[in-house]
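To convert, count from 1 in the sequence shown and add 271; that's the working numbering.
Backbone N, C-alpha and C fix where the C-beta goes; we use that ideal spot for every residue, glycine too.
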Amino acid sequence: MIWLIKLAYMLLAFPFLLLIGIVMFFSVTSEHSRGRVPGDVLGTLIIWAAILIPVGIFIYGVLSRRRLLKRVTRAIKSPQFFNPDPTHEIYHEGDGKYLGIDTKNGTILYVHRIRKGQLDVVALTMDDWTNREVEGKGILRLYTKHPDLPRI
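Quick look at the structure:
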């Protein structure tokens, strides 16, 4: 249900508020006072608050997911077991995902923030996966020997 509210805000309310907010801003800051209502300044502030507060919450969420991924991967990295080259690491902070491939040790680490407070951490060696599949641009599937995790 909450995802439906977020979707409606992003598709309907945000563009409308942005358009009205820009018009109101120029109306309030212009030198012409013709047609101006005494509550225009307060209305403009409320509209811009309705725009900037959700944007701030979104940016805070992305930054907190980035910090969490960096903290988890920093704790797991070790020169003996998992130490990937920075060119073999992918951080997708928006979705809370990390994929790192250590070509020297033959290990793969996948971290996914499922929801607040829950992480999915999967570490595989070269012996743990049986097949791979690449679909289009950006989709990599690894098939494993583990029955509880048949593919990633």
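Beta-bridge pairing of residue i - partner residues as DSSP gives them
i	result
VAL393	TYR381
THR415	TRP400
TYR331	Answer is none; TYR331 lacks a bridge partner.
LEU370	ILE361 and TYR381
PHE353	SER349
VAL405	LEU411
ARG386	GLN389
ARG422	TYR414
Any non-hydrogen atom of the ligand NAP closer than 7 angstroms to residue i Cβ
i	result
GLN389	This structure simply doesn't include the ligand NAP, nor any ligand for that matter.
Cα-Cα separation between residue i and residue j, rounded to whole angstroms
i	j	result
SER349	THR315	53 angstroms
HIS303	ILE318	21 angstroms
HIS359	MET295	48 angstroms
HIS383	ARG345	15 angstroms
LEU390	ILE273	21 angstroms
PRO355	LYS416	23 angstroms
ILE361	LEU323	29 angstroms
PHE353	ILE347	7 angstroms
TYR414	TRP400	6 angstroms
GLY292	GLY365	27 angstroms
Residues near residue i by beta carbon distance below 7 angstroms, same chain, minus five either side
i	result
THR396	GLY377 and THR378
LEU288	ILE318, ALA321 and ILE322
Element boundaries [beta strand (DSSP E), containing residue i]
i	result
ILE361	360 to 363
GLY273	One point to set straight first is that residue 273 is Ile, not Gly, in the sequence displayed. Where ILE273 is concerned, there is no enclosing beta strand (DSSP E), although the alpha helix (DSSP H) it sits in stretches over 273 to 279.
Start and end residues, alpha helix (DSSP H) containing residue i
i	result
LEU288	285 to 300
Own chain, CB closer than 6 angstroms to residue i, minus 5 neighbours either side, in chain order
i	result
ALA394	LEU380
ARG403	LEU413
Inset, instruction - Count the CB pairs spanning the region 340 to 347 and the region 362 to 372 that are closer than 8 angstroms, and state whether there are at least three. - result: The way I'd put it, the region 340 to 347 does touch the region 362 to 372; three or more beta-carbon pairs between them come closer than 8 angstroms.
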